[in-house]
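Numbering (the working numbering), first residue to last: 9 to 110.
Even glycine gets a Cβ: it sits at the ideal position worked out from N, Cα and C.
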Amino acid sequence: MSRKNIKKYFKLIEHDATPNLAVEVTKGPFRGAIYAYREVSVVEEEEKESAVLQFDYFMLEHPQGIEASGTKEFENLVGDVLVHLIDNNVDPAEEVDEVAEG
């Protein structure tokens, strides 16, 4: 899966467990997993003239029989989705009401 095609792998949804937008994985080995971002930050590394995206998320629903949370492949997917959201000016911690009004 490339970042270019990442939008085929998820959709943003409302979920009763969080006032924020949730992400439902719609394709691939983690299909059915639902999670939400808790904190997102960018840490600048001045000496390297770069920045690192750091994030924390929590699982809302696990697909039956699949442990997604904490695996390297799932972490990469969550990170790729986050980059896509940021590139498209979507705040993953934004509350659902704010998106509807915006």
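- The beta carbons of L68 and I42 sit closer together than 7 angstroms.
- The criterion of a C-beta distance shorter than 7 angstroms is satisfied by E47 and D64.
- A Cβ-Cβ separation of about 5 angstroms places E32 in contact with K19 under the 8 angstroms criterion.
- Classified as exposed, A59 has fewer than 16 neighbouring CB atoms from the shown chains inside 10 Å of its CB.
- Cα atoms of G36 and E83: separation of roughly 14 angstroms, rounded to the nearest angstrom.
- Here DSSP, grouped into helix, strand and coil, assigns I14 to helix.
- The closest CA to that of R39, considering only E81, N97, D99, is found on E81.
- Setting aside the 5 residues that flank it on each side, S49 is surrounded in the same chain by Q62, each with a C-beta closer than 7 angstroms to its C-beta; the list follows chain order.
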